[in-house]
Amino acid sequence: EGATHFVSPITFQALSGQPVRVSLWDTHAEAAMGHIELARWAERILVAPASADLLARLAHGHAADLLTTLCLASAAPLYLAPAMNQQMWAHPAVQANIDLLQQRGAHMLGPAAGEQACGDVGSGRMLEALQLRDALRDSFADGSGALAGLQVVVSAGPTYEDIDPVRFIGNRSSGRMGFAVAEAAARAGATVSLIAGPVSLATPTGVAQRVDVRSAAQMHAAVLGAASRADIYIGAAAVGDYRPAEVSALKLKKRAGTPLLLQLNENPDILASLAAHTAHPFLVGFAAETHDVASYARGKLRNKGLDMIAANQVGDGLGFETADNALTLYWADGELALPRADKSELARQLIAQVAVRYRATCR
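Encoded structure:
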């Protein structure tokens, strides 16, 4: 009923050519148990936007209006597109309700991150209508269940290591490849947790959880926490190898003729840390190299105890900050070249191969 304060039912009816139901107390519709009829008719239920209040009511089984009654009475897959202030989204009560709904099979679409109507910046924006449409379309697509029932963690983007309040050591990763991989995994039926470095990208459609980090240490902690419950970890992030030994609290001033010397300490290796655990997820690494790609990729596969690695040669319009890429996948006894393509298409092909190799391990 809240939607009628913004757009009248007559507008929806005129644009859709279909009757619009608003109230559980519509005596004409409910004479034939209309909410049960709707529940049986639906193949998918999408609630957009899904407010914090609605998420709470659904999580706790309330059925005081048409929408909550419909959701409880239907066996159709339920898709929720959260939309709220970023502080509300981060509140433990909201996150607990999200977890409970997902445990019961609800699918979360978003939210996206960015500027909000209230002026805040952060997670909580509803996904765009076209993204919601694509998510529903993909839910009907053949072969979308290659990773159904699996928990997948994907890391993406760069990491930044602060030198002082103004400067940092970083890299040129845009995060596009990792975000495309996360979306492809979600479309393949996985429950996806995305650990994202500092990027300006909306949360991919279908991703269940997004954790934003800045430094390699933060990414290490976030990945190890999420991967403890995961079946597959895909490390697509460009994690910095080193960090300054000390971070200046004040901006370092330039001194003419005097070089600036930074002492760097090695960052913890996420893949190596995961591989060190006896019961670790299926591990997929990435390697971006400028030369000897096959040699370095095979070495990383072996030395870090990975199950698969996706390698590419950066430069010539490929790799960082580009829309296209090309990958070669390596595993213990095989390899497969994926020719140059849009990163979304490459991600789809990568996930298909990850699913095959994962099943082959009988984990």
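Numbers in my numbering are just positions in the sequence shown, counted from 1, shifted up by 6. For every residue, glycine included, the Cβ atom is placed at its ideal position computed from N, Cα and C.
Self-check item: For T367 and A65, the rounded distance between their alpha carbons
Solution: 36 Å
Quiz item: What distance in whole Å lies between the Cβ atoms of A141 and T211, which are believed to be in contact at a cut-off of 8 Å?
Solution: 5 Å
Quiz item: Between the Cα of R143 and the Cα atoms of P83, D105, V127, which residue gives the shortest distance?
Solution: P83
Quiz item: For Q319, which beta-bridge partners are listed by DSSP?
Solution: E295
Quiz prompt | Complete alpha helix (DSSP H) runs within the stretch 79-106 (minimum length 4 residues, chain order) | solution = 92-96
Quiz item: Which same chain residues, not among the five before or five after Q108, have their C-beta less than 8 Å away from its C-beta?
Solution: M114, T197, A214
Practice problem: Please list, in chain order, all residues of the same chain as R50 whose beta carbon is under 7 Å from its beta carbon, the five residues on each side excluded. | Solution: A82, P83, Y85, L142, S145
Quiz item: Are I238 and F292 closer than 8 Å when you measure CB to CB?
Solution: no
Quiz prompt | Given 8 Å, three or more beta-carbon pairs between the stretch 180-189 and the stretch 347-357 | solution = yes
Quiz item: Bridge partners of N271, per DSSP?
Solution: R249
Quiz prompt | Alpha-carbon spacing of R365 relative to S129, whole angstroms | solution = 34 Å
Quiz prompt | Opposing strand residues paired with A119 [DSSP bridges] | solution = S129
Quiz item: Among A48, V159, E252, which one has its Cα closest to the Cα of S199?
Solution: V159
Quiz item: How long is the line joining the alpha carbons of L60 and A87, rounded to whole angstroms?
Solution: 11 Å
Practice problem: Mark H297 as exposed unless 16 or more other C-beta atoms lie within 10 angstroms of its C-beta, in which case mark it buried. | Solution: exposed
Quiz item: With distances taken from CA atoms, which of L333, A154, Y166 is nearest D247?
Solution: Y166
Quiz item: Near P345, what residues of its chain come up, given a Cβ to Cβ distance below 8 Å and the 5 sequence neighbours on each side ignored?
Solution: A332
Quiz prompt | Span separating the alpha-carbon of A285 from that of Y336 | solution = 22 Å
Practice problem: Quickly, what does DSSP pair W337 with across the bridge? List them, please. | Solution: G340
Quiz prompt | Beta-bridge pairing of R216 - partner residues as DSSP gives them | solution = L200
Practice problem: Return the chain-ordered list of same chain residues with a C-beta closer than 6 Å to the C-beta of N177, the five sequence neighbours on each side being excluded. | Solution: P164, A244
Quiz item: Expressed to the nearest angstrom, what Euclidean distance is found between the alpha-carbon atoms of S22 and D330?
Solution: 38 Å
Quiz prompt | Integer-rounded CB distance, given that A96 should sit under 8 Å from R131 | solution = The Cβ separation is near 14 Å, so there is no contact.
Self-check item: Nearest-angstrom Cα separation, counted from A102 out to N91
Solution: 16 Å
Quiz item: What do you reckon, are the CB atoms on A208 and A118 nearer than 8 Å?
Solution: yes
Self-check item: Complete runs of the beta strand (DSSP E) confined to the stretch 161-186 [at least 3 residues]
Solution: none
Quiz item: Under the DSSP definition of a beta bridge, which residues are partnered with N331?
Solution: A347
Quiz item: So, using beta-carbon positions, are Q157 and A228 closer together than 8 Å?
Solution: no
Quiz prompt | Whole-number beta carbon distance between M94 and A58, since they are thought to touch under 8 Å | solution = 5 Å
Quiz item: If you drop the 5 nearest sequence neighbours on each side, which residues of the same chain put their C-beta closer than 7 Å to that of A338?
Solution: none
Quiz item: Distance, Cα to Cα, P250 vs S14?
Solution: 58 Å
Self-check item: Alpha carbon of A316 to alpha carbon of V28, nearest angstrom
Solution: 50 Å
Quiz item: Distance, Cα to Cα, H226 vs H11?
Solution: 46 Å
Quiz item: Relative to the C-alpha of R173, which residue among G116, L106, K259, S206 is closest?
Solution: K259
Quiz item: Under the three-state reduction of DSSP, which class applies to L30: helix, strand or coil?
Solution: coil
Quiz item: On the three-state DSSP scale, how would you describe Q19?
Solution: helix
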